[in-house]
Amino acid sequence: MRTLIQNAEIVTASDQFRGDLLFQDDKILSVGSNLGDATRDQTIDANGKYLLPGGLDVHCHLEMPFMGSVSKDDFTSGGKCAIAGGTTTVVDFCIPSKGGTLAQALEIWDAKSKPKAMCDYSYHMCIVDWNEGIRKELDLAFERGITSFKIFTAYKGALMISDEEIFDLMLEVRQRGGLVTAHAVNGDVLNILAARFAAEGKLSPHYHPLCQPPVAEGEATGRVLELGKMADQPAYIVHMTCKEAVVELARARKRGWESYGEVCAQHLMLDADLYDLPDFEGAKYVMSPPLRKAHDREALWGALANGIIQVVGTDHCTFDFKGQKDMGKDDFRKIPNGLNGLQERMPVVWTYGVNQKRISLQRLVETCCTNPAKMFGLYPTKGSLLPGSDADLVLWDTKQGYTISAKTHQSACDTNVYEGTRVEVTAHTVFIRGQKVYEAGKFLVEPGFGQYQKRPAGRPMKVDYSSLGNQTVGV
Ligand code: DUC
Ligand code: ZN
Ligand code: ZN
């Protein structure tokens, strides 16, 4: 079956032009400015719409057991959020239980994803214990096409591992060819500060960000990047939130170390003042690392524009306000950490990044679609409009905006941290592997449609920075 999409405003990481795209079954055949003579079975007139590659969100937690609860969105509701927000592939974090094996974790994650996935998906593997068994099991992860590993320098006693263990893991991953990613905040500092606040009876959400000050994030970011340098192993810092972390990444990149970074939409958009909302409403925004200040957001936008940061993610990990977040009503340390973003990421970055002239539309495609695929071994199958790429396509309507609300979102969660925010674009029609999965607010496939994406071993692909100017921290 051949489909021609005609007269679209086509946008890639490097180009923008009015043109046509022809795909056959699940693959793109050609992209050009005049494919009107092409043989086809159907034609879609995309006049007035923007055609972008489907987005990749390489940072989400679907149905994740965490802090005594389980995150609300699973691979079905989370997948619906993704698709309705123009994202066609998600990379979730497979998290072994303490003392468990990678094989056990994979079995659990497959049971959650396979029957429920709406969009395509893959996993990173979290390393929460480091021992001879896990070292051997890295081979299993690579056989399964899992080539990226996440470590935590925080969540002591649960997810955190030591520098010694991180370094040893990096040496092992280097031998096989993959990426080590890090949640980088100094966990020792965090625990001491949290215990001290608690001892003084300071237990409201206001104190959550004060336990993980920017300097604690900058320190851990620099440390992980230096461990990567010493191991000759590329490192990628997830959810960077502050100027201190950006400075460390910029420094590592200036020295030529293979270092990469990700920012999540909420850290570009939302401010730490939200923790002070009355009636425990601040709990809705409790995540780690926390929201920061306006000057941090400016540093993040700048780093996204000039290439210090390569990827926009979400850390989508939702918990209901009633019944989950309120587990921490009397103690912020018990509030399950996490919030939404899968549906909002691309519309928000388009509206507040592109339309407010902070980044170009090509840069949006690069950081939300192409670079995530390049970093994690999915390019050019995903994240691009090249002949031979999967026909993961999104037709965006830039004339129809909407106001974000928990009343209308696809998430199963009772809260949306962007409640009331106006966005100026809507994902109108979405194709995954050539199959129309969504049109005008309606889903056209069932849970289980999404396919697991095996990823090849190798270091991240080189990213082209030539058009972006100096990688300096602007504030
Ligand atoms: N941070 C969160 O806020 N939630 C999930 C895991 C994480 O690192
Ligand atoms: Zn994290
Ligand atoms: Zn996360």
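Counting along the sequence shown from 1, when you hit position 428 you're at 419 in my numbering, and nothing is skipped either side. In this text, a Cβ means the ideal position worked out from N, Cα and C, and glycines have one as well.
With a threshold of 7 Å, the Cβ atom of residue 122 does not count as near ligand 1, since no heavy atom of the ligand is closer than that.
When the Cα atoms are used, residue 277 and residue 326 turn out to be separated by approximately 7 Å. The alpha-carbon separation between residue 392 and residue 414 amounts to approximately 5 Å. In this structure, residue 332 lies away from residue 230, with their beta-carbon atoms at least 8 Å apart. Restricted to the stretch 322 to 351, the alpha helix (DSSP H) segments that are unbroken, complete and at least 4 residues in length are 336 to 340, listed in chain order. Comparing alpha-carbon positions, the option among 259, 221 and 238 lying closest to residue 249 turns out to be 221. Under the three-state reduction of DSSP, residue 158 is assigned to helix. Assigned with DSSP and collapsed to three states, residue -2 falls in strand. Boundaries of the alpha helix (DSSP H) around residue 186: 178 to 190. Between residue 463 and residue 241, the C-beta spacing is below 8 Å.
With a minimum length of 3 residues, the unbroken runs of beta strand (DSSP E) contained wholly in the stretch 61 to 133 fall at 78 to 85 and 111 to 117. Assigned with DSSP and collapsed to three states, residue 248 falls in coil, not helix or strand. Unbroken alpha helix (DSSP H) stretches of 4 residues or longer found wholly inside the stretch 342 to 401: 352 to 356 and 362 to 366, given in chain order. Secondary structure of residue 309 (DSSP, three-state): coil. Ligand 2 has a heavy atom closer than 7 Å to the beta-carbon of residue 306.
In the structure shown, the three-state DSSP call for residue 230 is coil. As the crow flies, the alpha-carbon of residue 12 is around 30 Å from that of residue 107. At least 8 Å separates the beta-carbon of residue 101 from that of residue 52.
Residue environment analysis places residue 176 among the buried positions, since at least 16 neighbouring C-beta atoms fall within 10 angstroms of its C-beta. For residue 10, DSSP records a beta bridge to -1.
CA-to-CA, the gap between residue -8 and residue 255 works out to about 38 Å. Excluding sequence positions up to five before and after residue 354, its CB lies within less than 7 Å of the CB of 296, all in the same chain and listed in chain order. Counting the other CB atoms within 10 Å of its CB gives residue 200 a total of 16 or more, which places it among the buried residues. The continuous stretches of alpha helix (DSSP H) do not include residue 418, which lies in the beta strand (DSSP E) extending over residues 417 to 423. Between ligand 1 and residue 279, a heavy atom-to-CB distance of less than 7 Å is present. Assignment of alpha helix (DSSP H) within the stretch 250 to 300, counting only whole runs of 4 or more residues, yields 256 to 260 and 285 to 297 in chain order. In the DSSP annotation of this structure, the continuous segment of the beta strand (DSSP E) that includes residue 173 starts and ends at 170 to 174. In the structure shown, the three-state DSSP call for residue 408 is coil.
About 19 Å separates the beta carbon of residue 80 from that of residue 117, a gap too long to meet the 8 Å contact definition. No heavy atom of ligand 3 is found nearer than 7 Å to the CB of residue 258.
Fewer than three pairs of CB atoms, one per stretch, sit closer than 8 Å, so the stretch 334 to 350 makes no contact with the stretch 16 to 35. Here residue 151 is bridged, per DSSP, to 143. With the rule of 3 Cβ pairs closer than 8 Å, the stretch 263 to 282 does not count as touching the stretch 418 to 435. Straight through space, the alpha carbons of residue 436 and residue 425 are spaced by roughly 12 Å.
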